[in-house]
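>
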Amino acid sequence: MIKLKNVNVIYPTGTHAMKDVSLDINEGDFLVIVGKSGAGKSTLLRTLNGLVKTSSGSINIFDKEVTTSSKRELREIRSKTGMIFQTFNLVTRTTVFNNVLTGRLGEMSTLRGFFGLWSDEDKKIAMDALKEVEIEEKAWTRASKLSGGQQQRVGIARALTQKPKLVLADEPVASLDPVTSRKVMDYIKKINVELGITTIVNLHFLDLAKDYAERIIGMYDGKIVYDGMVDDITDADFEKIYGGQLTEEDYNETRTN
Ligand code: ADP
Ligand code: MG
-8 MIKLKNVNVI YPTGTHAMKD VSLDINEGDF LVIVGKSGAG KSTLLRTLNG LVKTSSGSIN
52 IFDKEVTTSS KRELREIRSK TGMIFQTFNL VTRTTVFNNV LTGRLGEMST LRGFFGLWSD
112 EDKKIAMDAL KEVEIEEKAW TRASKLSGGQ QQRVGIARAL TQKPKLVLAD EPVASLDPVT
172 SRKVMDYIKK INVELGITTI VNLHFLDLAK DYAERIIGMY DGKIVYDGMV DDITDADFEK
232 IYGGQLTEED YNETRTN
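Sequential numbering from -8 applies to the sequence shown in this note's numbering.
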């Protein structure tokens, strides 16, 4: 469903953030990308829906080539791709329900969207999404009143209302405590398993990745240094992902979650 071939990203600043990355992702996969801060995880996710321009290589997604897509094609790719963010990105002064409804914007005309003219079907899809993450009783609560974990569940519901074929989650639990992190990861895994939505999650911590992923991609300095099943990962792979000279403190830090 997604195929990257020799993708390079060089930012205008000169930073070479993706180096010759090749990757195949199948429909229904639950893929976790791990790596230190600055490894290129976010850049990789953003190239998939054209938010970051590639310098060379090709990215095929939903049978379309992202790197040469027209604006209209990019819009279509983005409307099928739900995003979940580290900082939730909710409009906190409005209700949970309104936040989730914005996931329908890609499906309606600009004018209808501007005036918030949601159809009954939009409303049903939004409510179903809230039920999927078991937070429908908060539908009429202002988003600002929710805890971080609840806000992220709303973030998941908003992504679901897009009826996405693909969900991209960029460090979705990095702002949450360990217990809440697991709850939120459980919901992300649930939408993959129950709804069959292909899901790619960036995570800083390997331990959390190990509990949820089947296949793990390890990135270091813009390169893929590991691509394999969770259970096959060795200490040597771990060192490749987190950089050769780890102190014991660094090592523990990547394993505390
Ligand atoms: P990660 O998500 O693994 O922390 P990023 O993809 O954010 O890594 O960053 C990879 C590298 O690209 C880093 O060196 C970062 O500083 C750089 N970078 C990220 N975004 C930009 C940008 N918009 N402009 C210039 N450099 C960037
Ligand atoms: Mg990042």
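Glycine included, every Cβ here is placed at the ideal spot set by N, Cα and C.
Which residue comes first and which comes last in the beta strand (DSSP E) that contains ASP15?
Start and end: 7 to 16.
> What's the gap between the Cα of GLY209 and the Cα of ILE232?
Their Cα atoms are separated by approximately 6 Å.
> Return the residue from the list ALA8, ASN(-3), THR4 that minimises the CA-CA distance to TYR211.
ALA8
> Can you tell me whether GLU205 is helix, strand or coil according to DSSP?
coil
> Just the Cα atoms here: how many angstroms apart are ASN193 and ASP111?
C-alpha separation (whole angstroms): 34 Å.
> For GLU64 and ASP226, what's the separation of their Cα atoms in angstroms?
42 Å
> Quick one: grab the DSSP three-state call for LEU194.
In the structure shown, the three-state DSSP call for LEU194 is strand.
> Am I right that LEU92 and ALA117 are in contact with their C-beta atoms under 8 Å? What's the rounded C-beta distance?
Contact check for LEU92 and ALA117: beta-carbon distance about 5 Å, within the 8 Å limit, so the pair qualifies.
> Count the other CB atoms within 10 Å of the CB of ARG84; is the residue buried (16 or more) or exposed (fewer)?
exposed
> Quick one, which of ARG103, ARG133, VAL23 has its alpha-carbon nearest ASN183's?
Nearest option by C-alpha distance: VAL23.
> How big is the Cα-Cα spacing for PHE76 and ARG133?
19 Å
> Taking only heavy atoms of the ligand MG into account, decide whether any of them is closer than 6 Å to the Cβ of LYS32.
yes
> Say yes only if the C-beta of ALA200 is nearer than 6 Å to one or more non-hydrogen atoms of the ligand ADP, and no if none qualify.
If you check the C-beta of ALA200 against the ligand ADP, you find no heavy atom less than 6 Å away.
> In this structure, how does DSSP classify THR152 when only helix, strand and coil are distinguished?
THR152: helix per DSSP, three-state reduction.
> List the DSSP bridge partners of LYS(-2).
What sits at residue -2 in the sequence shown is Val, not Lys. In DSSP, VAL(-2) forms a bridge with VAL12.
> If GLN142 and PHE79 are in contact, beta carbons under 8 Å, what's the gap, nearest whole angstrom?
4 Å
> Could you give the first and the last residue of the continuous alpha helix (DSSP H) run that contains ALA227?
226 to 233
> Is THR189 buried or exposed, if buried means 16 or more other CB atoms sit within 10 Å of its CB?
buried
> Could you pull out every unbroken beta strand (DSSP E) segment of at least 3 residues lying fully inside the region 16 to 89, listed in chain order?
Within the region 16 to 89, the runs of beta strand (DSSP E) that reach at least 3 residues and sit entirely inside it are, in chain order, 21 to 25, 47 to 52, 72 to 75.
> Can you determine whether any heavy atom of the ligand ADP sits closer than 6 Å to the C-beta of GLY29, and answer yes or no?
yes
> Give me the DSSP bridge partner(s) of THR189.
LEU157
> Assign LYS32 to one of two classes, buried (16 or more other C-beta atoms within 10 Å of its C-beta) or exposed (fewer than that).
buried
> Hey, could you find the ends of the beta strand (DSSP E) MET220 is sitting in?
214 to 220
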